[in-house]
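Written below as structure tokens is the structure these notes are about.
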Amino acid sequence: MDRTRRPVVAGNWKMNGLAASVSELKGIMAGAKAVSGKAELLVCPPATLVASFAKTAKGSTVHIGGQTCYSEASGAFTGEISAEMLADAGATHVIVGHSERRTIFKEKDADVQKKALAARRAGLISIVCVGETKEQREADRATIIVGQQLTGSLPEGAKAANLIVAYEPVWAIGTGLTPTPADIAEMHNFIRERLAARFKAEGEEVRILYGGSVKASNAAELMAVRNVDGALVGGASLKADDFLGIANVYA
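Structural data, given as structure tokens:
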């Protein structure tokens, strides 16, 4: 963790949440005061809730984001949602390249890069996800895979103001398994080196989040690792108390 980069704790609700779930958002907003000015809090609900959540959170310190976007601004793309639509609904961020999108929906690095560019055009901050599978780690290919994803997924000319990178080892998502702090440090340092080599001074300021079975009980240890600038939280972000238990590491 580097205090010169303001940490981000982002909640990815995935395909969970209905209109009544706004009560959890309100709970997060109430607890956000404890970390105000010290960390940024972001909630990424399903697309159906972005507008109502953004309206509810307006004027608070909690930001609202999308979980993906399409690479085009508009057109005959049935079922898709554009970055412009997310921005119009009140979103400030969008997750792109999440491992579930890469695995289930077969998104490639080139697709992720196009989405990140679309987000930038719409004025959104993109959270670009990278990470290796269990098989790739066991074959000692973790840094090779993540390096390839960084090269192919990050758009040229990226700046710290419009890009966040999230490292999410695929094998740790929703499994309860967590890499050791040493493993996380190694990967985050590797990502930082790649960012600095490609984007120079801007690369030093891009925030790198860790995602993968983050919960209140391990957040302090994980967030203390060098070059970990916050967390991308899955299941633990669905309940205000659980999410705030992680965010309060920065209180």
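Numbering-wise (this note's numbering), the sequence shown opens with residue 1 and increments by one.
Cβ atoms here follow ideal geometry from the backbone N, Cα and C, with glycine treated the same way.
These numbers were taken from a predicted model, which means no experiment stands behind them.
What residue does the beta strand (DSSP E) around residue i start on, and which one ends it?
i, result
"ALA231", "230-233"
"GLY11", "8-12"
"GLY66", "62-66"
"GLU40", "40-44"
"ALA166", "163-167"
"SER36", "Note, SER36: premise wrong, no beta strand (DSSP E); not H, not E."
Residue i to residue j, Cα distance in whole Å?
i, j, result
"ILE125", "GLU138", "33 Å"
"ALA216", "LYS239", "12 Å"
"LYS114", "LYS58", "29 Å"
"THR78", "LEU18", "22 Å"
"ARG226", "ASP183", "11 Å"
"HIS188", "ALA51", "33 Å"
"GLY107", "LYS55", "One detail in the question is off: residue 107 reads as Glu in this sequence, not Gly. Each residue's Cα considered, the two are about 31 Å apart."
"PHE199", "PHE190", "14 Å"
"THR151", "ARG194", "9 Å"
"ARG141", "ILE127", "23 Å"
"VAL165", "ALA196", "13 Å"
"GLY131", "ASP109", "12 Å"
"HIS98", "TYR167", "10 Å"
"VAL43", "GLY37", "17 Å"
"LYS33", "PRO155", "34 Å"
"ARG16", "ALA39", "Residue identity differs from the one stated: residue 16 is Asn in this sequence, not Arg. Cα to Cα, ASN16 sits roughly 25 Å from ALA39."
Have a look at the options and flag the residue whose alpha-carbon is nearest the alpha-carbon of residue i.
i, options, result
"ILE104", "THR4, GLY157, VAL170 and SER237", "VAL170"
"GLY31", "VAL62, VAL206 and LYS200", "VAL62"
"ALA224", "ALA119, ALA247, CYS129 and GLY234", "ALA247"
"ARG101", "CYS129, SER237, ALA10 and ALA89", "CYS129"
"LEU255", "ALA251, GLY174, SER237 and ASP88", "Any question about residue 255 goes unanswered here, given that the chain covers just 1 to 251."
"GLN67", "THR56, ALA87 and ALA39", "ALA87"
"GLY174", "VAL112, ASP242, THR143 and VAL233", "VAL233"
"TRP13", "ASP242, LYS38 and TYR250", "ASP242"
"THR92", "ARG192, ILE64, ILE81 and SER153", "ILE64"
"ASN218", "ALA89, VAL112, ALA201 and VAL249", "VAL249"
"GLN148", "ILE28, GLN136, CYS44 and ASN162", "GLN136"
"ARG192", "THR143, SER213 and GLY212", "THR143"
"SER153", "ALA20, ALA39, SER71 and LYS33", "SER71"
"GLU205", "ASP111, SER213 and ASN162", "ASN162"
"ALA89", "ASP111, GLU80 and PHE53", "PHE53"
Cβ atoms of residue j and residue i: under 9 Å apart, would you say?
i, j, result
"PRO46", "ARG207", "no"
"THR178", "LEU244", "no"
"GLU84", "ALA73", "yes"
"ALA116", "VAL96", "yes"
"LEU209", "GLY230", "yes"
"VAL35", "ALA251", "yes"
"ALA10", "LEU49", "no"
"ALA172", "VAL228", "no"
"ALA119", "ARG5", "no"
Give the range of the alpha helix (DSSP H) segment to which residue i is assigned.
i, result
"ALA32", "No alpha helix (DSSP H) holds ALA32; DSSP gives it neither H nor E."
"GLU84", "83-89"
"HIS188", "181-199"
"VAL214", "Neither: VAL214 is in no alpha helix (DSSP H) and is coded neither H nor E."
"SER21", "Segment: none, SER21 is in no alpha helix (DSSP H) and carries neither H nor E."
"ILE246", "240-247"
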